[in-house]
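Enquirer: Residue numbers (the working numbering): 142 to 355.
Glycine residues also receive a C-beta, built at the ideal position from the N, C-alpha and C atoms.
1. Rounded to the nearest angstrom, what separates residue 162 and residue 185 at their Cα positions?
2. Mind checking which residues open and close the alpha helix (DSSP H) that includes residue 316?
3. Bridge partners of residue 252, per DSSP?
4. Is it the case that the Cβ atoms of residue 201 and residue 218 are separated by a distance below 9 Å?
5. Need the endpoints of the beta strand (DSSP E) that residue 235 sits in, please.
6. Could you give the residue range of the alpha helix (DSSP H) that holds residue 168?
7. In three-state terms, what does DSSP make of residue 149?
8. In angstroms, rounded to a whole number, what distance separates the CA positions of residue 261 and residue 255?
9. Applying the criterion that 16 or more other CB atoms from any shown protein chain within 10 Å of the CB defines a buried residue, is residue 259 buried or exposed?
10. Rounded to the nearest angstrom, what separates residue 337 and residue 257 at their Cα positions?
11. Inspect the CB distances between the segment 294-307 and the segment 272-281 and report whether three or more fall short of 8 Å.
12. With respect to the beta strand (DSSP E) encompassing residue 303, which residues constitute its N-terminal and C-terminal limits?
13. Between which residues of its own chain and residue 179 is the CB-CB distance below 6 Å, once the five residues before and five after are set aside?
14. Could you tell me which residues DSSP puts in a beta bridge with residue 287?
15. Skipping 5 residues on each side, what residues in its chain have a beta carbon closer than 6 Å to that of residue 301?
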């Protein structure tokens with residue numbers, strides 16, 4: 142097992158947030174659900190997950206001290222907001238925008254990228270080490286560090302926030318700092334889910350008119 146990317150991600154952890162001690166009962170439950178040794182090794186070596194690359198990438202913890210960092214709390218919100226759209230998915234992390242990285246328990250625990258705005262899932266890798274390889278091969282797409290740097294030139298981002306589009310991406314909103322705002326957990330997932338429920342079943346390229354409840 143080549144641990145180059147494994148160690149590279151560890152080296153870029155944000156040290157300002159302490160994830161807390163893991164809940165070993167919760168950890169044991171997930172180990173029976175997700176049989177991926179490298180993933181759990183990473184949790185140990187990263188001291189229970191956390192943020193990486195200036196908060197662009199987030200791996201959830203197994204502690205209950207902060208809801209936005211709690212793998213159980215996040216998955217509860219996903220199931221509540223998305224329903225059958227996330228059936229079989231167990232999220233273990235998110236990108237800059239709140240898109241989720243998930244184990245697909247209905248597909249042998251392959252790792253998928255769940256687009257929270259469209260409800261679509263994209264196969265990434267067979268396991269955690271393959272996921273790391275995909276992250277670094279498509280670093281700009283999955284991590285978005287340059288966009289985070291642009292954002293931080295004039296703005297801040299607290300740990301419970303993700304960057305969300307003022308004009309939805311699905312409605313041709315720009316992937317630029319000018320089209321973004323900081324949104325708190327779990328509000329960004331609720332906002333994305335409201336869009337996903339309208340569009341996830343539509344063919345690619347369909348013209349979309351998104352409506353929002355007041």
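Expert: Here's the rundown:
1. In the chain shown, the residue the question calls residue 162 occupies position 21. In the chain shown, the residue the question calls residue 185 occupies position 44. Going from the Cα of residue 162 to the Cα of residue 185 covers about 10 Å.
2. Along the chain shown, one-based indexing puts residue 316 at 175. Careful: residue 316 lies outside any alpha helix (DSSP H) and carries neither H nor E.
3. Start at 1 with the first residue of the chain shown, and residue 252 comes out as number 111. Answer is 244 and 266.
4. The residue you call residue 201 lines up with position 60 of the chain shown. The residue you call residue 218 lines up with position 77 of the chain shown. No.
5. On the chain shown, position 94 is the one that residue 235 refers to. Residue 235 -> beta strand (DSSP E) spans 230-235.
6. By 1-based counting over the chain shown, the position of residue 168 is 27. That run of the alpha helix (DSSP H) goes 165-174.
7. Here residue 149 refers to the residue found at position 8 when the chain shown is read from its first residue. Residue 149 falls in the helix class under three-state DSSP.
8. Taking the chain shown and counting its residues from 1, the one referred to as residue 261 is at position 120. Taking the chain shown and counting its residues from 1, the one referred to as residue 255 is at position 114. Roughly 6 Å between the two C-alpha positions.
9. Residue mapping note: residue 259 aligns to position 118 of the chain shown, counting from 1. Residue 259 is buried by the Cβ-count criterion.
10. Sequence index remark: in the chain shown, residue 337 carries index 196 (1-based). Sequence index remark: in the chain shown, residue 257 carries index 116 (1-based). If I take the Cα positions, the gap works out to 7 Å.
11. no
12. As a working mapping, residue 303 is identified with position 162 in the chain shown. Where residue 303 is concerned, the enclosing beta strand (DSSP E) stretches over 302-306.
13. The count along the chain shown starts at 1 and reaches residue 179 at position 38. Only 269 and 270 meet the Cβ criterion.
14. Position 146 of the chain shown, counting from 1, holds the residue named residue 287. Paired residue(s): none; residue 287 is not in a bridge.
15. Position 160 of the chain shown, counting from 1, holds the residue named residue 301. 209, 325 and 326.
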